[in-house]
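Student:
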Amino acid sequence: MPISPAARPDRAPSPLLTSPASAPLLTVSGGELVAAPRSAPTGSGRRRSRPSSNPYLRLLAAPGARAFTAGNLIARLPMGMLSISAVIMIAGSRGSYALAGAVTATGLAATAVVAPFTARLVDRFGQARVAVPATALAVLGSLALVLCVHHDAPAWTLFAAYAATATTPNTGGMSRARWAYLHRGDPAALHTANSFEQAADELCFMLGPVLAATLCGALFPEAGTLVGAVLLMTGVLIFAAQRATEPPVTPRTRAVASPLRTPGMPALLAVFLATGAVFGSLEVVSIAHAGGAILALQAAGSCAAGLLYGSLRPARNVHLRLLLCLAAMTALMSLPLLAATGSAVLPVLALCLLLAGAATAPTMVTGMTLVQRATRPEQLNEGMTLSVTALLGGVAAGAAVGGWLVEHAGTVPGYAAPVSAAALALVIAAAGHRSANHAPAQAC
């Protein structure tokens, strides 16, 4: 008499005893006959997608990343709009570019003083608690400027109103702080994030002036400032609402020294100052020689180079990478000078500016990486804001020098200014790198 499979706990069912495809498989578990499905459960029936090979898609796939990035881009676009809009509005109303330039220069100087303190408050109390009221004060300053211009108020009111916009928070720095929090311990992801942020900076500074000039020309002179203020407030509100990605505030049990006292930080800030002079002088000389539209090519070259740079592996020796980037920027900045010396036609100069921008974003990304590494986590916003402040100070100084040269000596000496500033940044970085290498030997 044959023995059934159920009475043979030491053997599995015979393969001859097959069942239809729709029936479950029979197997033995713990001495008992049980039914098992022919295939593993698929859950919702969806196949799990493979992670993208594009580093930027992987970056934005992090939970909450797209939301705070969208808000940050909206808030950052006015950074390239408000100063141009103020110049157009004031010059059109008062008939004086000198007054318009003085007002915007005053606002820049006020920002250089106030911005580090705003960033320090962000580090101590959190991004949302500080950024929203600080932005509201800045927006009120922009609206006050519009009213003062529209109602022909005394000139000193223009200076006071525009100086009030100095409380605008460094949204780019806050965004970089979020990436640093989300991808702490992952140098490759941070490298891609810094490259993405720099490309976003270039894109906003490329589109902002065009949008401002279009609004002021097509609608009315105050339109650029009004739209910029609305975009700034809206973007910061969206950005601040993303609380899940906001870096937590680190409680301070003792007084912490300023990032300015961090070893290597003063040299980095000096490099940013000289690099800002490159941007400021190149901008003024190019506008005087060929008009403002040609600057979009320099920003486009920098944006493309930044995205490409972010897809590469991060450098093992970031200090050495900074030296290489500054050397490349010095060489590429000589191209507009050579074009002006040879009296090249405008398309040739445009191509030279496009190529000159290729070293800009990699230099800034590498410099920001060093700032992040040199700054304590609880002071990250303040450290990055100090670097931006140094950059803006360099832009102002470079614009003044470049404007004086192009007016009194011509285009060729004017284009020599950005080359000289880039070479100065390279020398400062090399000196800082040498002192950093010798410091451990001296300490031993």
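In numbering that gives the first Met the number 0, the protein residues as written are 0 to 443.
In this text, a Cβ means the ideal position worked out from N, Cα and C, and glycines have one as well.
Predicted model only: the values in this text are computed from it and were never measured.
Tell whether a beta-carbon distance below 8 Å holds between E201 and A298.
Tutor: Yes.
Student: Alpha carbon to alpha carbon, how far is T274 from R177?
Tutor: Whole-angstrom Cα-Cα distance: 25 Å.
Student: What are the boundary residues of the alpha helix (DSSP H) that S343 is part of?
Tutor: Residue identity differs from the one stated: residue 343 is Ala in this sequence, not Ser. Looking at the DSSP string, A343 is not in any alpha helix (DSSP H), and its letter there is neither H nor E.
Student: Sorted by chain position, which residues of the same chain lie with C-beta nearer than 6 Å to Y151's C-beta, five sequence neighbours on each side aside?
Tutor: The sequence shown places Asp at residue 151, rather than the Tyr named in the question. Excluding positions up to five away in sequence, the list is empty.
Student: Excluding the 5 residues flanking R320 on each side, which residues of the same chain have their C-beta closer than 6 Å to its C-beta?
Tutor: Answer for R320: A314 and T365, listed in chain order.
Student: Which term fits L404, buried or exposed, when burial requires 16 or more other beta carbons within 10 angstroms of its beta carbon?
Tutor: Classification of L404: buried, given that the 10 Å Cβ count is 16 or more.
Student: Let me know if T213 comes out buried or exposed under the rule of 16 or more other beta-carbons within 10 Å of its beta-carbon.
Tutor: Looking at its Cβ environment, which holds fewer than 16 other Cβ atoms inside 10 Å, T213 is exposed.
Student: Can you tell me whether DSSP reads V248 as helix, strand or coil?
Tutor: If DSSP states are grouped into helix, strand and coil, V248 belongs with coil.
Student: Which word fits N53, buried or exposed, when buried means at least 16 other C-beta atoms lie within 10 angstroms of its C-beta?
Tutor: With fewer than 16 other Cβ atoms within 10 Å, it is exposed.
Student: Considering only C-alpha positions, which residue in the set P412, L268 and Y308 is nearest to L337?
Tutor: With distances taken between Cα atoms, L337 lies closest to P412.
Student: At which residues does the alpha helix (DSSP H) containing R242 begin and terminate?
Tutor: Here R242 belongs to no alpha helix (DSSP H), and DSSP marks it neither H nor E.
Student: Return the residue from the list T156, P246 and S174 that minimises the CA-CA distance to L98.
Tutor: The candidate whose alpha carbon is nearest that of L98 is T156.
Student: So is the beta-carbon of A243 under 7 Å away from any non-hydrogen atom of the ligand MG?
Tutor: Inclusion of the ligand MG in the displayed structure is not the case, the ligand content being empty and no account of it being possible.
Student: Can you look up A64 in the DSSP assignment and give me helix, strand or coil?
Tutor: It is helical.
Student: For Q378 and G305, which I take to be in contact (beta-carbon distance under 8 Å), what is that distance rounded to the nearest angstrom?
Tutor: About 25 Å; that fails the 8 Å criterion.
Student: Spell out a yes or no on whether the stretch 262 to 274 and the stretch 156 to 169 are touching, meaning 3 or more CB-CB pairs, one atom from each, closer than 8 Å.
Tutor: At 8 Å Cβ cutoff, the stretches do not touch.
Student: Could you pull out every residue in the same chain whose Cβ sits closer than 8 Å to the Cβ of A415, ignoring the five residues on either side in sequence?
Tutor: Cβ neighbours of A415 beyond the five flanking positions: L336 and L404.
Student: Which whole runs of the beta strand (DSSP E) in the stretch 347 to 399 are 3 residues long or more, in chain order?
Tutor: The qualifying runs do not exist here; there are none.
Student: Span of the alpha helix (DSSP H) holding M264?
Tutor: Start and end: M264 to A289.
Student: Assess contact between the stretch 118 to 128 and the stretch 167 to 177, defined as three or more Cβ pairs (one per stretch) separated by less than 8 Å. Is contact present?
Tutor: Because the criterion of three Cβ pairs below 8 Å is met, the stretch 118 to 128 and the stretch 167 to 177 touch.
Student: Measuring straight from C-alpha to C-alpha, what distance separates P262 and T191?
Tutor: Roughly 26 Å separates the two Cα atoms.
Student: Pair every Cβ in the stretch 377 to 396 with every Cβ in the stretch 101 to 114, then say whether three or more of these pairs are closer than 8 Å.
Tutor: Verdict: yes, contact present.
Student: Any idea what DSSP makes of N193, helix, strand or coil?
Tutor: Helix at N193.
Student: Confirm, please, whether the CB-CB distance from T103 to Y161 is below 8 Å.
Tutor: Against a cut-off of 8 Å, the Cβ pair of T103 and Y161 comes out as a contact.
Student: Return the chain-ordered ranges of every alpha helix (DSSP H) run that is complete within the stretch 77 to 139 and spans a minimum of 4 residues.
Tutor: If we require 4 residues or more, the alpha helix (DSSP H) runs fully inside the stretch 77 to 139 come out as 81 to 93 and 96 to 124.
Student: Would you say G216 and M80 are within 8 Å of each other, going by their C-beta atoms?
Tutor: Cβ atoms of G216 and M80: not closer than 8 Å.
Student: For R175, which of G397, R372, A211 and G227 has the nearest alpha-carbon?
Tutor: For R175, the nearest C-alpha among the options comes from R372.
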